[in-house]
C-alpha cells in the first residue's frame, strides 16, 4: 500500500511539469469586465425604455431581458457570442445572455435533425433542467412566503 502511494506521488510530480498553468487572475479579470459590460448594456437598455417608452421601474424588467436575449441570440447566430464566451468564460455565461446563447447554439447545432427532434428536443435538454429548477424553487419559496404571511 505504501509503495502504491509513493508511485502515485512520483507520477503526480512528473506530470506537473507538463500541465498547463491556468491564468486565474487574468480569467477573473476578463469575466469581471465582460460580465460588467453586459450588465452595463442591460442598464442602458433599461434607461432607454424608461425614458422613451414610459416604462416604470416595475414594468421595465421584462422588455429589457427580452432585448438582451434577442441580442444574445443574434450574436450567437452570427458566431460572435461564442468568441466572447471563449474570451470571457463565466462573465458571459452567468448573465441571462449566456442562457440564451446556450439555447440558441443547441438549436443551431441540431437544426438538421428537424424541428421537433432536433431543435425542440436538444434546445430544451439544457433549458429544461433550468426551467424545472426555477419553477420548483419559486413554488417552494412561494409556500414559505405564504406560510410566513399566514402565521405572522
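Numbering (my numbering), first residue to last: 9 to 160. For every residue, glycine included, the Cβ atom is placed at its ideal position computed from N, Cα and C. Remember, it's a predicted structure, so these values are computed and weren't measured experimentally.
Taking C-beta to C-beta, are residue i and residue j nearer than 7 Å?
i           : j           : result
residue 42  : residue 87  : no
residue 73  : residue 104 : yes
residue 53  : residue 75  : yes
residue 55  : residue 80  : no
residue 144 : residue 111 : no
residue 118 : residue 128 : no
If you draw a straight line from the alpha carbon of residue i to that of residue j, how long is it in whole angstroms?
i           : j           : result
residue 49  : residue 120 : 34 Å
residue 68  : residue 60  : 12 Å
residue 37  : residue 46  : 14 Å
residue 39  : residue 92  : 10 Å
residue 146 : residue 122 : 33 Å
residue 90  : residue 132 : 19 Å
residue 77  : residue 28  : 35 Å
residue 82  : residue 22  : 46 Å
residue 181 : residue 33  : Any property of residue 181 remains undetermined from this structure, which presents the chain solely from 9 to 160.
Could you spell out where the alpha helix (DSSP H) holding residue i opens and where it closes?
i           : result
residue 117 : 104 to 117
residue 62  : Where residue 62 is concerned, there is no enclosing alpha helix (DSSP H), given that its DSSP letter is neither H nor E.
residue 160 : Here residue 160 belongs to no alpha helix (DSSP H), and DSSP marks it neither H nor E.
residue 99  : 98 to 101
residue 73  : 69 to 85
In or out: residue i buried (at least 16 other Cβ within 10 Å) or exposed?
i           : result
residue 157 : exposed
residue 106 : buried
residue 167 : Shown here, the chain extends from 9 to 160; a query on residue 167 therefore has no answer.
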